[in-house]
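Enquirer: Below: one structure in structure tokens.
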Amino acid sequence: MRDTLRQSMALFHTWSGLLLGWLLFAMFATGTAAYFQDEITRWMQPEVAGDANPALAAQGAVRFLNTVAPDGQSWYITLPNSRSATTQVYWQPSASKPAPRGETSAVLDRDGNRITTRETRGGFFLYRFHFDLHYMPVLWARYLVGIAAMFMLVAIISGVITHKKIFADFFMLRFGKGQRSWLDAHNVTAVLALPFHLMITFTGLVTLASMYMPWGIAANYAAPTAFYEAVFGRAVAAEPTGKRVPLADLGPLVSAASNRWNGQRVGYISIANPNDAAARIDMTRSPEASFGARGETASFDGATGRLIGAHDANGAALATESVMIGLHTGRFAKWGLRWLYFLSGLGGTIMVGSGLVLWTVKRRARLPDPSRPHLGFRMVERLNIAAIAGLATGIAVYFLANRLLPLDMASRAEREIDSLFLAWLGIGLWGMIRPARRAWTETLAIAGACFAAVPVINALTTSRGLLPSLLAGDWTFVAFDLVMLVLAAGFAMAAVRSAKVRTKANAGQGSRTRRAAQKVTSA
Amino acid sequence: MIHVLALALSFAAFLSLAVAMKRHQRDLTGRTLTDEQARAARTSGWLLLAGALGVNIAALGSAMGTIVWFGEASVGAGLTVTAINWAVNRKAGRGAR
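In order, the protein sequences belong to chains A and B. Heads up, the first sequence is in UniProt numbering, so the first residue is 1 and it goes up one at a time. Heads up, the second sequence is in UniProt numbering, so the first residue is 1 and it goes up one at a time.
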């Protein structure tokens, strides 16, 4: 009885893991990078240096918004946190004529000037990609990602049931033993960071739970806005009066809100009807200040600057959700814990990748003719190359494009993103036209070379190369370049190993045919 | 500093747990342990792991301490896997010579 459970779970694990494994690999890889999204953005904006003060940044943002959209319907300001230096603003020109997002958003430096050279979406893109994907409607992407996360949860639980020697094999990692080594790598990366994998998958689903399961809200509230109003204290925007009153100075208001929250930073400001008598300012506490991602809010009358309401994210359910999202995103983590998050995420990425490879390694031995696999096998093999080596190369090329594309290029930020996907596509095609084993070696080597090129190109095109950064004690830039070199070394080693396996496999096949020939002659 | 201590404790904890297992004893210590020694290693491994949790909670509070402890436990276990591999390779190298 127990064995049949295990067998069915093994089957379940294999296919749930394979079906969405490629997407999960991309989610894990970019999500892991997103733990350092602010640092990546800093690296991708080498012209911006220093730290920003939230109150001054808010004043700068208002100065900028007053020049581009003084009569806008609403303004949204994401203030810099302790790790970033830029302010993001987004505005809604008017209710009657919605404009495309690209024309109504900007990234500002700490003085409120728009950053026009080297436009980039930085680490924020990698963060958004891990649940919004790209080139497709966000809604579809989030459902797809949700299905993948659900499969992941299933794969984790069925994997634990399947793996009967989970404690006996706890420390087992043997290299150079073919299928056994792949199984070891899969098990070790899964088991060692199992608490992280479970947490990240479950909380990932929680972050979008109200989208996946809207019925609870739908059954109890007439409209979603009524729910948000009740839970988060966000009032529905009042109609503008048409009477023009300049907006109150945001600097003192940011300080006042910060003082209310024991000096924790303000993270986000939204302003309805700016420069109108009915203006309203809502401020939200920065998510980095505590475990709970959903912060306290404070609302001010926009014309007078008077505090008109404050709301703490309270209630057990909300607090639970808030802390789960906080745990997932790790925004509260200082650098030590941030690295632990990053390492665990890397472990998860390797777990998914090795699981994908394992599917082919296990089946290759059982193929009727290993030199001519069937279509399904070939497809999985090629998709593995595209998913693993392709995405890695794409991310490296994304960083290279940031340094190499002309600084004043039109829609430069989009072109950087296109470079990522072009490189990914290129590797995918390469994997299809070459013999599979050779393609593995070649594409892994390309990925390694691209990562190795990042610090080199950085040193050649900016004044913030590895050596100057080291001398200046600029640890963000030093760490970024070093991580690139470590990744380059990792992919180079993987390429060398895959080449060795290839020659061994060829030799093995040769001796087998020789033996077969001997058998024939002796008979 | 507190992280170094807690990390060292969890590394030591997983090394002890590995030493308590028959299949890793020869690689790590060069001999097989008696049942009694293995039991002692297993007990001290769990105690060290609890100690690491205690250090983290004392320094960072119960919520943050627990989160950091999980992360450090993963790294400690990862270091143990590396150490076992290193020991195996060293032995293989000696054997070849």
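For glycine and all other residues, C-beta sits at the position ideal for the given N, C-alpha and C. Everything numeric in this text was worked out from a predicted model, so none of it was measured.
If you drop the 5 nearest sequence neighbours on each side, which residues of the same chain put their C-beta closer than 7 angstroms to that of T441 (chain A)?
Expert: Here residue 441 (chain A) refers to the residue found at position 441 of the first sequence. If we look at T441 (chain A) and ignore the five residues flanking it on each side, its Cβ neighbours are A495, S498, A499, R502.
Enquirer: In three-state terms, what does DSSP make of R97 (chain B)?
Expert: Here residue 97 (chain B) corresponds to residue number 97 of the second sequence, with the count starting at 1. Reliability of the predicted coordinates at R97 (chain B) is poor, the pLDDT of 48 falling under 50, and the value obtained from them is presented with this limitation in mind. Reduced to three states, the DSSP call for R97 (chain B) is coil.
Enquirer: Please say whether S286 (chain A) and V266 (chain A) have beta carbons closer to each other than 8 angstroms?
Expert: For this step, residue 266 (chain A) is matched to residue 266 along the first sequence. For this step, residue 286 (chain A) is matched to residue 286 along the first sequence. Cβ distance < 8 angstroms, so V266 (chain A) and S286 (chain A) count as in contact.
Enquirer: Below 6 angstroms CB to CB, which residues in the same chain sit around N187 (chain A) once its five sequence neighbours on both sides are set aside?
Expert: Taking the first sequence and counting its residues from 1, the one referred to as residue 187 (chain A) is at position 187. Answer for N187 (chain A): D169, listed in chain order.
Enquirer: Check whether the region 420-432 of chain A touches the region 470-487 of chain A, taking contact to mean three or more Cβ pairs, one atom from each stretch, closer than 8 angstroms.
Expert: no
Enquirer: Taking only beta-carbon positions, decide if V188 (chain A) is within less than 8 angstroms of chain B.
Expert: Working through the first sequence from its first residue, we reach residue 188 (chain A) at position 188. Closer than 8 angstroms to some Cβ of chain B, the Cβ of V188 (chain A) qualifies, so yes.
Enquirer: For the beta strand (DSSP E) holding S181 (chain A), just list the boundary residues, first then last.
Expert: The residue you call residue 181 (chain A) lines up with position 181 of the first sequence. First-last for S181 (chain A): 179-192, but that is the alpha helix (DSSP H), not the beta strand (DSSP E).
Enquirer: Closer than 8 angstroms, CB to CB, is L343 (chain A) near chain B or not?
Expert: Here the question's residue 343 (chain A) lines up with position 343 in the first sequence. Judged by the 8 angstroms Cβ criterion, L343 (chain A) is in contact with chain B.
Enquirer: Please confirm if the region 189-198 of chain A is in contact with the region 344-360 of chain A, defined as three or more CB-CB distances below 8 angstroms between the two stretches.
Expert: Yes, the region 189-198 of chain A is in contact with the region 344-360 of chain A.
Enquirer: In angstroms, rounded to a whole number, what distance separates the CA positions of Q45 (chain A) and A57 (chain A)?
Expert: Here residue 45 (chain A) is taken as the residue at index 45 of the first sequence, counted from 1. Here residue 57 (chain A) is taken as the residue at index 57 of the first sequence, counted from 1. Straight-line Cα distance between these residues: approximately 17 angstroms.
Enquirer: Could you name the residues of chain A that V75 (chain B) contacts, counting a contact when the two beta carbons are closer than 8 angstroms?
Expert: For the purposes of this step, residue 75 (chain B) is taken as the residue at position 75 of the second sequence. Chain A residues near V75 (chain B): L340, L343.
Enquirer: For F125 (chain A), verify whether its CB is less than 7 angstroms away from any heavy atom of the ligand NAP.
Expert: The model depicted lacks the ligand NAP and carries no ligand whatsoever.
Enquirer: Rounded to whole angstroms, what is the Cα-Cα separation between A222 (chain A) and Y228 (chain A)?
Expert: The residue you call residue 222 (chain A) lines up with position 222 of the first sequence. The residue you call residue 228 (chain A) lines up with position 228 of the first sequence. A222 (chain A) and Y228 (chain A): Cα-Cα distance of roughly 11 angstroms.
Enquirer: Give, in chain order, every unbroken run of the beta strand (DSSP E) that is at least 3 residues long and sits entirely within the region 359-409 of chain A.
Expert: none
Enquirer: Between the region 180-205 of chain A and chain B, which residues of the former have a C-beta closer than 7 angstroms to a C-beta of the latter?
Expert: V188, L192, A193, P195, F196
Enquirer: Have a look at N81 (chain A) and L340 (chain A) and give me their C-alpha separation to the nearest angstrom.
Expert: One-based indexing of the first sequence puts residue 81 (chain A) at position 81. One-based indexing of the first sequence puts residue 340 (chain A) at position 340. Their Cα atoms are separated by approximately 20 angstroms.
Enquirer: Going by DSSP, name the residue or residues bridged to S270 (chain A).
Expert: Residue 270 (chain A) sits at position 270 when you count from the first residue of the first sequence. The partner list for S270 (chain A) (beta bridge, DSSP) reads A:Y76, A:D282.
Enquirer: I'd like to know whether the C-beta atoms of A148 (chain A) and M324 (chain A) end up nearer to each other than 8 angstroms.
Expert: Here residue 148 (chain A) refers to the residue found at position 148 of the first sequence. Here residue 324 (chain A) refers to the residue found at position 324 of the first sequence. No, these two residues do not count as a Cβ contact at 8 angstroms.
Enquirer: Just to check my reading of the structure: M9 (chain A) and I161 (chain A) have Cβ atoms closer than 8 angstroms, yes? What is that Cβ distance to the nearest angstrom?
Expert: Along the first sequence, one-based indexing puts residue 9 (chain A) at 9. Along the first sequence, one-based indexing puts residue 161 (chain A) at 161. With a Cβ gap of about 4 angstroms, M9 (chain A) and I161 (chain A) count as contacting.
Enquirer: Scan the region 408-480 of chain A and note each continuous alpha helix (DSSP H) run of 4 residues or more that stays entirely inside, going in chain order.
Expert: For the region 408-480 of chain A, whole alpha helix (DSSP H) runs of length 4 or above, ordered along the chain, are 412-433, 436-461, 466-472.
Enquirer: Would you mind stating whether F36 (chain A) and G122 (chain A) have Cβ atoms separated by less than 8 angstroms?
Expert: Numbered from 1 along the first sequence, position 36 holds the residue referred to as residue 36 (chain A). Numbered from 1 along the first sequence, position 122 holds the residue referred to as residue 122 (chain A). In this structure, G122 (chain A) does not lie closer than 8 angstroms to F36 (chain A) by Cβ.
Enquirer: Going by alpha carbons, who is nearest to P246 (chain A) out of A:K177, A:D71, A:R6, A:R434?
Expert: Locating residue 246 (chain A) in the first sequence gives position 246, counting from the first residue. That would be A:D71, whose Cα lies nearest to the Cα of P246 (chain A).
Enquirer: Would you kindly work out how many angstroms separate the C-alpha atoms of I281 (chain A) and T67 (chain A), rounded to a whole number?
Expert: The residue labelled residue 281 (chain A) in the question sits at position 281 within the first sequence. The residue labelled residue 67 (chain A) in the question sits at position 67 within the first sequence. The straight-line gap from Cα to Cα measures roughly 19 angstroms.
Enquirer: Tell me, to the nearest whole angstrom, how far the beta carbon of A12 (chain B) is from that of A41 (chain B); I am working on the premise that it is less than 8 angstroms.
Expert: The residue labelled residue 12 (chain B) in the question sits at position 12 within the second sequence. The residue labelled residue 41 (chain B) in the question sits at position 41 within the second sequence. Between A41 (chain B) and A12 (chain B) the Cβ distance is about 11 angstroms, and since that is not below 8 angstroms, they are no contact.
Enquirer: Using only CA atoms, which one of A:G326, A:F175, A:R366, A:A209 lies nearest to M64 (chain B)?
Expert: Here residue 64 (chain B) refers to the residue found at position 64 of the second sequence. The option with the nearest alpha carbon to M64 (chain B) is A:G326.
Enquirer: Taking the beta strand (DSSP E) that I308 (chain A) falls in, what are its first and last residues?
Expert: Position 308 of the first sequence, counted from the first residue, corresponds to residue 308 (chain A). Residues 307-311.
Enquirer: Check each residue of the region 51-63 of chain B: if its Cβ is closer than 7 angstroms to any Cβ of chain A, include it; give the result in chain order.
Expert: A63
Enquirer: Check the Cβ-Cβ distances between T80 (chain B) and every residue of chain A, and say whether any is below 8 angstroms.
Expert: The residue you call residue 80 (chain B) lines up with position 80 of the second sequence. By this cut-off, T80 (chain B) is an interface position.
Enquirer: Compute the Euclidean distance between the alpha carbons of H130 (chain A) and G31 (chain A), then round it to the nearest angstrom.
Expert: To locate residue 130 (chain A), count along the first sequence from 1; it is residue 130. To locate residue 31 (chain A), count along the first sequence from 1; it is residue 31. Distance between the alpha carbons of H130 (chain A) and G31 (chain A): 5 angstroms.
Enquirer: Of all the options A:A85, A:D474, A:V456, which has the alpha carbon lying nearest to the alpha carbon of L485 (chain A)?
Expert: Locating residue 485 (chain A) in the first sequence gives position 485, where the first residue counts as 1. That would be A:V456, whose Cα lies nearest to the Cα of L485 (chain A).
Enquirer: Have a look at D132 (chain A) and F125 (chain A) and give me their C-alpha separation to the nearest angstrom.
Expert: Within the first sequence, numbered from 1, the residue matching residue 132 (chain A) stands at position 132. Within the first sequence, numbered from 1, the residue matching residue 125 (chain A) stands at position 125. Computed Cα separation, rounded: 10 angstroms.
Enquirer: Taking D132 (chain A) as part of the alpha helix (DSSP H), name the residues at either end of that continuous run.
Expert: As a first step, residue 132 (chain A) must be located in the first sequence, where it is residue number 132. Run containing D132 (chain A): 122-132, per the alpha helix (DSSP H) assignment.
Enquirer: Shortest alpha-carbon distance to L5 (chain B) belongs to which of B:N89, B:W69, B:K91?
Expert: Here residue 5 (chain B) refers to the residue found at position 5 when the second sequence is read from its first residue. Among B:N89, B:W69, B:K91, the Cα nearest to that of L5 (chain B) belongs to B:W69.
Enquirer: Closer than 8 angstroms by beta-carbon distance: list the chain A residues that pair up with G71 (chain B), in chain order.
Expert: Residue mapping note: residue 71 (chain B) aligns to position 71 of the second sequence, counting from 1. Within 8 angstroms Cβ-Cβ: F196, L337, L340, Y341, L343, S344.
Enquirer: Using 8 angstroms as the cut-off, can you tell me whether the region 44-55 of chain B makes contact with the region 83-90 of chain B, which would need three or more C-beta pairs spanning the two stretches below that distance?
Expert: no
Enquirer: For F125 (chain A) and chain B, any beta-carbon pair shorter than 8 angstroms?
Expert: Here residue 125 (chain A) refers to the residue found at position 125 when the first sequence is read from its first residue. Cβ-Cβ to chain B under 8 angstroms: no for F125 (chain A).
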